[in-house]
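Participant: Mind having a look at this structure? Questions to follow.
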Amino acid sequence: MESTVDIAKLSAELEHLATFTDAPPPAVTRVMLSDTDLAAREYLMRLMEEAGLTVRIDAAGNLFARWSGTDPHLPAVATGSHTDAIPHSGRYDGTVGVLGGLEAIRSLKRSGHLPRRAIELVMFTAEEPTRYGVGCLGSRLMSGAITGRKAEKLVDGDGVSFGDFHKRAGGAGTLEEVRLPRKHFRAFVELHIEQGPRLEASETPIGIVTAIAAPASLRVTYVGAGGHAGAVLMADRRDALLPAAELAVAVDSTARNLGTTDTVATTGVLDVHPRAVNSIPSRTYLEIDVRDVNESRRNNVLDVIRHQAQAIGDRHRQETTVETINADAPATCDPQIVKVIEAAADEAQLTSSRMISRAYHDSLFMAQVCPTGMIFIPCREGLSHCPEEYASPLDIARGVQVLAATLARLSSE
Ligand code: GLV
Ligand code: MN
Ligand code: MN
Numbered sequence: 001m002e003s004t005v006d007i008a009k010l011s012a013e014l015e016h017l018a019t020f021t022d023a024p025p026p027a028v029t030r031v032m033l034s035d036t037d038l039a040a041r042e043y044l045m046r047l048m049e050e051a052g053l054t055v056r057i058d059a060a061g062n063l064f065a066r067w068s069g070t071d072p073h074l075p076a077v078a079t080g081s082h083t084d085a086i087p088h089s090g091r092y093d094g095t096v097g098v099l100g101g102l103e104a105i106r107s108l109k110r111s112g113h114l115p116r117r118a119i120e121l122v123m124f125t126a127e128e129p130t131r132y133g134v135g136c137l138g139s140r141l142m143s144g145a146i147t148g149r150k151a152e153k154l155v156d157g158d159g160v161s162f163g164d165f166h167k168r169a170g171g172a173g174t175l176e177e178v179r180l181p182r183k184h185f186r187a188f189v190e191l192h193i194e195q196g197p198r199l200e201a202s203e204t205p206i207g208i209v210t211a212i213a214a215p216a217s218l219r220v221t222y223v224g225a226g227g228h229a230g231a232v233l234m235a236d237r238r239d240a241l242l243p244a245a246e247l248a249v250a251v252d253s254t255a256r257n258l259g260t261t262d263t264v265a266t267t268g269v270l271d272v273h274p275r276a277v278n279s280i281p282s283r284t285y286l287e288i289d290v291r292d293v294n295e296s297r298r299n300n301v302l303d304v305i306r307h308q309a310q311a312i313g314d315r316h317r318q319e320t321t322v323e324t325i326n327a328d329a330p331a332t333c334d335p336q337i338v339k340v341i342e343a344a345a346d347e348a349q350l351t352s353s354r355m356i357s358r359a360y361h362d363s364l365f366m367a368q369v370c371p372t373g374m375i376f377i378p379c380r381e382g383l384s385h386c387p388e389e390y391a392s393p394l395d396i397a398r399g400v401q402v403l404a405a406t407l408a409r410l411s412s413e
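For the sequence shown, my numbering gives the first residue as 1, with consecutive numbering after it.
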């Protein structure tokens with residue numbers, strides 16, 4: 001199929017979306033349902049409506065923009081991703097799949113394609129775990145991997161529950177009703193930057209994901225004893241930063257010492273209370289991220305880290321709490337969708353390569369709802385989750401072209 005992707009328009013939209021940020025550009029911070037995120041959502045909904053799509057918002061704030069098909073009885077084909085952004089990140093993570101998905105639909109419309117099945121663009125709420133600690137909240141609810149009742153009880157750092165906060169999105173119904181029945185969609189295909197270096201290094205424009213690694217995260221709190229940094233003698237201290245620091249090192253070495261390339265572990269959050277130079281830390285809070293393509297090995301690593309967290313805390317005479325936030329299974333992409341994407345890349349004369357996604361995506365949960373696939377495009381030096389994140393207009397246009405051809409084929413079935 002001839003490409004009709006309007007990359008100038010799409011690039012301008014990506015640039016404009018990046019202006020909705022709580023961090024100084026080029027960094028992007030757009031935490032789910034913040035005022036900035038709400039303003040970005042308004043902009044997105046305007047673009048969706050301008051493209052002639054009908055927009056629905058569910059209770060979790062997931063947006064669905066629908067292009068009706070000629071047969072209203074058939075399940076739709078869906079595409080999409082997220083537009084929330086972790087603190088001080090870049091402008092392409094997730095957004096390429098939402099605005100690129102929109103441009104894929106517009107280009108199909110321009111080319112005269114008449115879908116038999118509806119095509120829906122989905123913008124998922126809170127793929128990023130920033131506010132509630134748990135990733136893929138919108139798609140997790142859609143899949144039923146978290147119940148509405150459990151999601152309502154999630155509480156953010158300001159003590160605000162998701163049961164109250166989700167209402168900011170202005171969606172209809174209850175969180176229980178966000179869950180989609182199995183096979184609600186015929187298929188889900190997500191376009192995303194690779195967030196790793198392989199495609200760029202091998203000069204391969206298209207990656208086709210076959211599986212998504214299993215993510216997990218832990219929350220650890222140490223409570224020791226505070227006091228005056230000058231007056232309390234070393235022998236009398238129960239400094240809460242020390243077990244936290246020791247645990248961060250242990251997390252890193254546990255993953256490293258396994259000697260596999262596929263096990264990764266990160267302490268991404270370490271909050272110190274009261275955070276004053278002349279005060280002994282009385283409390284620390286850590287969030288630890290552990291992933292592997294092999295779920296049982298990932299579970300073993302989680303067990304080891306949980307045990308280390310407690311043992312280190314005991315040694316430092318701390319009150320220790322260890323909690324598992326999530327421990328998700330890996331996902332397998334649907335072999336037939338993989339082949340459709342491969343054929344679309346071939347048709348566009350673009351080299352493609354099958355690969356594993358080490359990052360998680362809403363596709364991890366959509367794979368529980370319907371046959372799912374992912375298209376990856378290169379990003380510079382594999383950088384992501386940082387302001388240096390970059391994908392070239394040419395690579396984005398190629399990804400959108402392959403997505404459009406994939407949607408064309410699946411919506412004609
Ligand atoms: C998604 O943002 C991830 O952390 O993999
Ligand atoms: Mn991300
Ligand atoms: Mn993402």
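We put the beta carbon where it would ideally sit given N, CA and C, even for glycine.
Remember, predicted model here, so these are calculated numbers, not experimental data.
Classify E194 as helix, strand or coil using the three-state DSSP reduction.
Facilitator: When DSSP states are grouped into helix, strand and coil, E194 belongs to the coil group.
Participant: Reducing DSSP to helix, strand and coil, say where E381 ends up.
Facilitator: helix
Participant: Kindly provide the chain-ordered list of residues whose Cβ lies closer than 5 angstroms to any non-hydrogen atom of ligand 1.
Facilitator: A359, Y360
Participant: To the nearest angstrom, report how far apart A65 and L47 are at their CA atoms.
Facilitator: Roughly 10 angstroms between the two C-alpha positions.
Participant: Taking the straight line between their C-alpha atoms, what separation do you get for A408 and E49?
Facilitator: 21 angstroms
Participant: Hey, would you say the C-beta of T206 is under 7 angstroms away from at least one heavy atom of ligand 2?
Facilitator: Looking at the sequence shown, residue 206 is not Thr but Ile. No - ligand 2 has no heavy atom lying nearer than 7 angstroms to the Cβ of I206.
Participant: Assuming S111 and G94 are in contact, meaning their beta carbons sit under 8 angstroms apart, how far apart are those beta carbons, in whole angstroms?
Facilitator: Actually they do not touch by this definition, with Cβ atoms about 26 angstroms apart.
Participant: For G97, which of helix, strand or coil comes out of DSSP?
Facilitator: The DSSP-derived three-state label of G97 is helix.
Participant: Between V31 and N326, is the Cβ-Cβ spacing less than 8 angstroms?
Facilitator: no
Participant: Quick check on Q308: buried or exposed, where buried means 16 or more other Cβ atoms within 10 Å of its Cβ?
Facilitator: buried
Participant: Please go through the region 58-139 and give each complete beta strand (DSSP E) segment of 3 or more residues, from N-terminal end onward.
Facilitator: Within the region 58-139, the complete beta strand (DSSP E) runs of at least 3 residues are 63-67, 76-82, 85-89, 119-124.
Participant: Determine, using beta carbons only, whether V220 and V322 come nearer to each other than 8 angstroms.
Facilitator: Yes, the pair counts as a contact, with Cβ atoms nearer than the cut-off.
Participant: First and last residue of the beta strand (DSSP E) that includes V160?
Facilitator: Element bounds for V160: n/a, residue is neither H nor E.
Participant: Count the CB pairs spanning the region 188-196 and the region 363-375 that are closer than 8 angstroms, and state whether there are at least three.
Facilitator: They touch, by the three-pair rule.
Participant: Ligand 3 heavy atoms versus the CB of D395: any closer than 7 angstroms?
Facilitator: no
Participant: Any idea what DSSP makes of N257, helix, strand or coil?
Facilitator: N257 falls in the helix class under three-state DSSP.
Participant: Whole-angstrom Cβ separation of A76 and F185, contact assumed at under 8 angstroms?
Facilitator: 6 angstroms
Participant: Grab the span of the beta strand (DSSP E) containing D271 for me, first residue to last.
Facilitator: 264-273
Participant: Which same chain residues end up closer than 8 angstroms to S161 when comparing Cβ atoms and leaving out the 5 residues on each side of it in sequence?
Facilitator: E152, K153, L154, V155
Participant: Do E127 and ligand 3 come close, with the Cβ less than 7 angstroms from some heavy atom?
Facilitator: yes
Participant: In three-state DSSP terms, what is S282?
Facilitator: coil
Participant: Flag G94 as yes when its Cβ comes closer than 7 angstroms to any non-hydrogen atom of ligand 2, and as no otherwise.
Facilitator: Under cutoff, so the answer is yes.
Participant: Kindly indicate which residue of Q401, E388, I396 has the alpha-carbon position closest to the one of A27.
Facilitator: E388
Participant: Rounded to whole angstroms, what's the CA-CA distance from Q401 to E203? Just pull it up for me.
Facilitator: 18 angstroms
Participant: In chain order, what residues of the same chain lie with their CB nearer than 6 angstroms to the CB of P215, ignoring the 5 residues before and after it?
Facilitator: Exclusion of the five residues before and after P215 leaves R291, D328, Y360 as the residues of its chain whose Cβ lies within less than 6 angstroms of its Cβ.
Participant: For the beta strand (DSSP E) containing P355, list its first residue and its last residue.
Facilitator: According to the sequence displayed, residue 355 carries Met and not Pro. M355 -> beta strand (DSSP E) spans 352-357.
Participant: Are the Cβ atoms of V301 and A255 separated by less than 8 angstroms?
Facilitator: Cβ atoms of V301 and A255: closer than 8 angstroms.
Participant: Around the C-beta of P393, are 16 or more other C-beta atoms found within 10 angstroms, so that it is buried, or is it exposed?
Facilitator: exposed
Participant: Give me the DSSP bridge partner(s) of R56.
Facilitator: F64
Participant: Can you tell me which of D164, P197, K183, S217 puts its alpha carbon nearest to the alpha carbon of T174?
Facilitator: D164
Participant: For L17, is the classification buried or exposed, using 16 other Cβ atoms within 10 angstroms of its Cβ as the cut-off for buried?
Facilitator: Classification for L17: buried.
Participant: Taking one C-beta from the region 87-102 and one from the region 114-125 each time, how about it: are there three or more such pairs within less than 8 angstroms?
Facilitator: Touching, per the Cβ criterion.
Participant: Just the C-alpha distance for R414 and H385, rounded to the nearest angstrom, thanks.
Facilitator: With the chain represented from 1 up to 413, any question about residue 414 goes unanswered, as that position is not in the structure.
Participant: Check M374 in the structure and name its three-state DSSP category.
Facilitator: In this structure, M374 counts as strand in the three-state DSSP scheme.
Participant: Give me, in chain order, the residues of the same chain whose beta-carbon lies closer than 6 angstroms to that of G382; leave out the 5 immediate sequence neighbours on both sides.
Facilitator: G196, P197
Participant: With a threshold of 7 angstroms, establish whether the CB of I337 neighbours any heavy atom of ligand 2.
Facilitator: At a cut-off of 7 angstroms, the beta-carbon of I337 does not count as near ligand 2: no heavy atom of the ligand is closer than that.
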